[in-house]
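There are 4 protein chains.
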Amino acid sequence: METKILLTHCKDEPGLISKITNICYKHQLNIVHNNEFVDNTSGHFFMRTELNGYFNDQTLIADLDQALPDGAKRQLVSSSRKRIVVLVTKEAHCLGDILMKAYDGTLNVDIAAVVGNYDTLKGLTEKFDIPYHHVSHQGLNREEHETEVMKVIEQYQADYLVLAKYMRVLTPSFVEKYHHKIINIHHSFLPAFIGAKPYQQAYERGVKIIGATAHFVTDDLDEGPIIKQDVIPVDHNFSALDMAQAGRDVEKNVLSKALNLVLNDHVFVYGNKTVLL
Amino acid sequence: METKILLTHCKDEPGLISKITNICYKHQLNIVHNNEFVDNTSGHFFMRTELNGYFNDQTLIADLDQALPDGAKRQLVSSSRKRIVVLVTKEAHCLGDILMKAYDGTLNVDIAAVVGNYDTLKGLTEKFDIPYHHVSHQGLNREEHETEVMKVIEQYQADYLVLAKYMRVLTPSFVEKYHHKIINIHHSFLPAFIGAKPYQQAYERGVKIIGATAHFVTDDLDEGPIIKQDVIPVDHNFSALDMAQAGRDVEKNVLSKALNLVLNDHVFVYGNKTVLL
Amino acid sequence: METKILLTHCKDEPGLISKITNICYKHQLNIVHNNEFVDNTSGHFFMRTELNGYFNDQTLIADLDQALPDGAKRQLVSSSRKRIVVLVTKEAHCLGDILMKAYDGTLNVDIAAVVGNYDTLKGLTEKFDIPYHHVSHQGLNREEHETEVMKVIEQYQADYLVLAKYMRVLTPSFVEKYHHKIINIHHSFLPAFIGAKPYQQAYERGVKIIGATAHFVTDDLDEGPIIKQDVIPVDHNFSALDMAQAGRDVEKNVLSKALNLVLNDHVFVYGNKTVLL
Amino acid sequence: METKILLTHCKDEPGLISKITNICYKHQLNIVHNNEFVDNTSGHFFMRTELNGYFNDQTLIADLDQALPDGAKRQLVSSSRKRIVVLVTKEAHCLGDILMKAYDGTLNVDIAAVVGNYDTLKGLTEKFDIPYHHVSHQGLNREEHETEVMKVIEQYQADYLVLAKYMRVLTPSFVEKYHHKIINIHHSFLPAFIGAKPYQQAYERGVKIIGATAHFVTDDLDEGPIIKQDVIPVDHNFSALDMAQAGRDVEKNVLSKALNLVLNDHVFVYGNKTVLL
Chain A
1 METKILLTHC KDEPGLISKI TNICYKHQLN IVHNNEFVDN TSGHFFMRTE
51 LNGYFNDQTL IADLDQALPD GAKRQLVSSS RKRIVVLVTK EAHCLGDILM
101 KAYDGTLNVD IAAVVGNYDT LKGLTEKFDI PYHHVSHQGL NREEHETEVM
151 KVIEQYQADY LVLAKYMRVL TPSFVEKYHH KIINIHHSFL PAFIGAKPYQ
201 QAYERGVKII GATAHFVTDD LDEGPIIKQD VIPVDHNFSA LDMAQAGRDV
251 EKNVLSKALN LVLNDHVFVY GNKTVLL
Chain B
1 METKILLTHC KDEPGLISKI TNICYKHQLN IVHNNEFVDN TSGHFFMRTE
51 LNGYFNDQTL IADLDQALPD GAKRQLVSSS RKRIVVLVTK EAHCLGDILM
101 KAYDGTLNVD IAAVVGNYDT LKGLTEKFDI PYHHVSHQGL NREEHETEVM
151 KVIEQYQADY LVLAKYMRVL TPSFVEKYHH KIINIHHSFL PAFIGAKPYQ
201 QAYERGVKII GATAHFVTDD LDEGPIIKQD VIPVDHNFSA LDMAQAGRDV
251 EKNVLSKALN LVLNDHVFVY GNKTVLL
Chain C
1 METKILLTHC KDEPGLISKI TNICYKHQLN IVHNNEFVDN TSGHFFMRTE
51 LNGYFNDQTL IADLDQALPD GAKRQLVSSS RKRIVVLVTK EAHCLGDILM
101 KAYDGTLNVD IAAVVGNYDT LKGLTEKFDI PYHHVSHQGL NREEHETEVM
151 KVIEQYQADY LVLAKYMRVL TPSFVEKYHH KIINIHHSFL PAFIGAKPYQ
201 QAYERGVKII GATAHFVTDD LDEGPIIKQD VIPVDHNFSA LDMAQAGRDV
251 EKNVLSKALN LVLNDHVFVY GNKTVLL
Chain D
1 METKILLTHC KDEPGLISKI TNICYKHQLN IVHNNEFVDN TSGHFFMRTE
51 LNGYFNDQTL IADLDQALPD GAKRQLVSSS RKRIVVLVTK EAHCLGDILM
101 KAYDGTLNVD IAAVVGNYDT LKGLTEKFDI PYHHVSHQGL NREEHETEVM
151 KVIEQYQADY LVLAKYMRVL TPSFVEKYHH KIINIHHSFL PAFIGAKPYQ
201 QAYERGVKII GATAHFVTDD LDEGPIIKQD VIPVDHNFSA LDMAQAGRDV
251 EKNVLSKALN LVLNDHVFVY GNKTVLL
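Protein chains in written order, with the UniProt record's numbering: chain A, 1 to 277; chain B, 1 to 277; chain C, 1 to 277; chain D, 1 to 277.
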């Protein structure tokens, strides 16, 4: 017996749930969880079906392809553990949280490697017996540096890249290469305070709440599909630095919740948004 | 074209989603929203299906009865506006919020009448052209008072009774008469601070968070199925009275969110719990 | 015995708390609550002192003026109930909440009048025996309309103007006339989604949290000093309209909390920020 | 120049703030932060004053003793880093968070040692070069085991003991020995679900919110002064195990926030409550 997840999305039409669940039933697969959503604005249908049983992937997919409307996307993913490569700069809290949660099993993930443009977090990473690659950006232009980073990443066959406070902007060609496979944590409640130094911006604006946003990276800086956001209250007592320190917990919690959703195949990307089922 | 909601719950078995959605499809009913849940502990299946189309209730129910396992409960409810009677004592905030939200359409409800054991809230109720019945408990024992209250309630054919800070304990016979039809707001985060004066209890315990709980009323005081809870932070600056004042917003918000769930048929009661679909 | 609030702010220097509290002690005034804050970035000192006793305002102020550094601002305000005029357009929830909280005493305020550019909320306002002035903007340019609105407002000698979902942008001359006396509720978590239709903007961006911001109105649209903010979670199920409906509770709660702070003299405006003591 | 914190609490009387701040001013100490609170129910005064300058501890304390009412408690504490010993059983998340935050400087603390009644967390602790003592309770009665634990603890001269999911009840004599020096994280929103298996209890009650409570340990199980609490929403989808997993983040966040308050001398214990200044 195996557990797999069927992800379907297509143009909405009557009878889709019935058709898909019929096929699962015919294949003697038990539906453990099922969630569906219709975006009425665009007329698009999404369904995540967690199935248990003995799978014949080929015939199952063939049956679905026959039943679903033209252009339907369907994917049968194994529930096995995904692999990530984490990119970092100097801040320890997000990386530390991921390392700890991978260690104690809270996150169902293999951290294949950590890549940093400084060596600050080498010691922390190696405590957990995970390879750390220091790829300095010193003396390299953006493209050259990314080429070096990619060489390292390529070895690891990762399912996702996680930017755990990686403080460099990626080039369009890098982003394109890992389309919807790069997850970033931005230290503001987007779309407030896009760009550099969001806590300084938040301090100067005098906001009473700060936040963090985990999103897929796209070409438009800080404009990719949002997966998870959360906030904490602040007040006049907080300097920009206090906000940055207070923000650490919310950053790491948001990133880890987003990873949990992505790693367990709960996330559909649709246009510039996510549907979480 | 009408919108109706099909509520199904029964022992879990393979193929239920497929069977139910097939029948809906066969009846040319469009599924607007569908949510299901299987309680793996008890092996029980719950499904809420919002349907749009031309209904033949009798044949639809007959088809379902044939397909579903023995003992299945299924109910087809109209999405029309429900009627409530509100019971109050002296505090205005919960009643005021319900009156205002019924007035501006935020709550899809008809307030048939308000019944109070004091006349404090008569003026407020009548501003909104809703009948207020003052049924004093003075000089009556609990059963006598409830008999009088019931006489008033009976006129109105209400779907639900809402205890909006009604500060009297109901007798088992009253509760039984309106089985799972009475919704109460308790001014604590249950099961903390059961019984009288929860804010005083919270103050004495020195908690850092207070809350409110909306639940169905059962024979066991403050032990009925919980529909909705929420909390707010407090600190050493709060006296018991300050907590009571600060708690008003959370009480009224929790009650109104619970009502919204109940009035739109999102709530299954199962054992001493609710399943919200 | 009276209760008054002493609000002091000035350039920081050693000994300020000692000097001010000495003067209060010398005047035999009891300090009920005291809160102070030093903004280390600007070197500015703020203190709110709630005093109880028999006041000789003139000598108290004179003593303070002698002790405090040049340019110090100090103000002794009575704790009596403030007067507001509320400006509205068509949406009922914020006005309704203020009316209800003034009625039941949750907000310590006199609502002198309500002014609307539509007559939609006249019925609701008059239920509470408060004068409603319908000042239509039809056929008038912005300045002409504001002149009419001001004529009405002027009669009431209000301490503050409250924009309870007043959907018109004010001219600089109007704003200047009521400098730091106009409180607005903006239906987004500022500075995200400045300007028109913030829920539509939020929907299009696919955010997972929406919010509301109460702020003083300045010349720069949605850029005034923020008093209070709060948020609620949303997800892919929410249309722009659903967000607007869900946002009602957070809007009214944020506005009413901000009013509570302002009406009880907890708010210092400093530059483009507030200090809440 | 040094930074120290003056903690004063005593019977309330007029002029206390003035007297204390005068003395600080006379000693040419600059007040960096000052917070005070009067508990009007008991007539008790609390003040935390963060001071910067050149200290003559003896004369400062002598001056205070002369000025303050009989029975006043005053304490001048250095702002230097405190030492803790952490007690654990098998769960990694709270210990892991403390280790990581001590490592990256988020918590201003020295972890002198970790003591566990199992050896499960030895590997994790030693990654951070901190001594781990496995003191098994196997074959020992409660007193014998505690004697062994105390032998280990005594070596380290800790300021506080932190129970990071230490799943054993302490004896009164142990608790008395470290009076108000033991901080525990309880995995429920106390006083709900006192005692064993709170998540199982929460599951059975069908609550919609779960939480965690950090408190000082006293003789009465789970009844000590509460320092910090927080909650997260749950629903019918959560089994007792799911709640336990979801609760990990809130447990570790609450414990680490409570530690931050305690380690920076923001916490007064008064009766069975805390005052956080």
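Backbone N, C-alpha and C define an ideal beta-carbon position, used for all residues, glycine too.
Remember, predicted model here, so these are calculated numbers, not experimental data.
Counted within 10 angstroms of its Cβ, other Cβ atoms place residue i as buried (16 or more) or exposed
i, result
"D/Pro172", "exposed"
"B/Arg186", "In the sequence on display, residue 186 of chain B carries His and not Arg. With 16 or more Cβ atoms within 10 Å of its Cβ, B/His186 is classed as buried."
"A/Tyr54", "exposed"
"A/His179", "exposed"
"A/Leu221", "exposed"
"D/Leu121", "buried"
"C/Gly123", "exposed"
"C/Leu241", "exposed"
"A/Ala158", "buried"
Three-state secondary structure assigned by DSSP to residue i
i, result
"D/Ala192", "coil"
"A/Gly116", "strand"
"C/Phe55", "coil"
"A/Met168", "Looking at the sequence provided, one finds Arg at residue 168 of chain A rather than Met. The answer is coil: DSSP assigns A/Arg168 none of H, G, I, E or B."
"A/Leu163", "strand"
"B/His133", "strand"
"B/Asp39", "strand"
"C/Asp219", "coil"
"D/Phe268", "strand"
"A/Asp70", "coil"
"D/Tyr178", "coil"
"C/Leu140", "coil"
Span of the beta strand (DSSP E), counted from its first residue to its last, around residue i
i, result
"B/His186", "Ile182 to His186"
"B/Lys273", "Lys273 to Leu276"
"A/Arg83", "Lys82 to Val88"
"C/Tyr103", "From DSSP, C/Tyr103 is part of no beta strand (DSSP E) but of the alpha helix (DSSP H) over His93 to Asp104."
"D/Leu76", "Lys73 to Ser78"
"D/Asp235", "It is not in any beta strand (DSSP E) - D/Asp235 carries neither H nor E in the DSSP assignment."
Beta-bridge partners of residue i, as assigned by DSSP
i, result
"A/Lys197", "DSSP, once it has assigned bridges, lists no residue as partnering A/Lys197."
"D/Glu50", "D/Ile5 and D/His33"
"A/Cys10", "A/Phe45"
"A/Gln28", "A/Gln28 pairs with nothing; no bridge assigned."
"A/Val109", "A/Lys82"
"B/Ile226", "B/His215"
Terminal residues of the alpha helix (DSSP H) in which residue i lies
i, result
"C/Ala214", "No alpha helix (DSSP H) holds C/Ala214; the beta strand (DSSP E) holding it covers Ile209 to Phe216."
"D/Tyr156", "Here D/Tyr156 belongs to no alpha helix (DSSP H), and DSSP marks it neither H nor E."
"B/Lys257", "Ala240 to Leu263"
"D/Gly123", "Lys122 to Lys127"
Whole-angstrom C-beta distance between residue j and residue i, which should lie under 8 Å
i, j, result
"A/Asp265", "A/Val86", "Actually they are not in contact, since the Cβ atoms of A/Asp265 and A/Val86 sit about 20 Å apart, beyond 8 Å."
"A/Val267", "A/Leu261", "5 Å"
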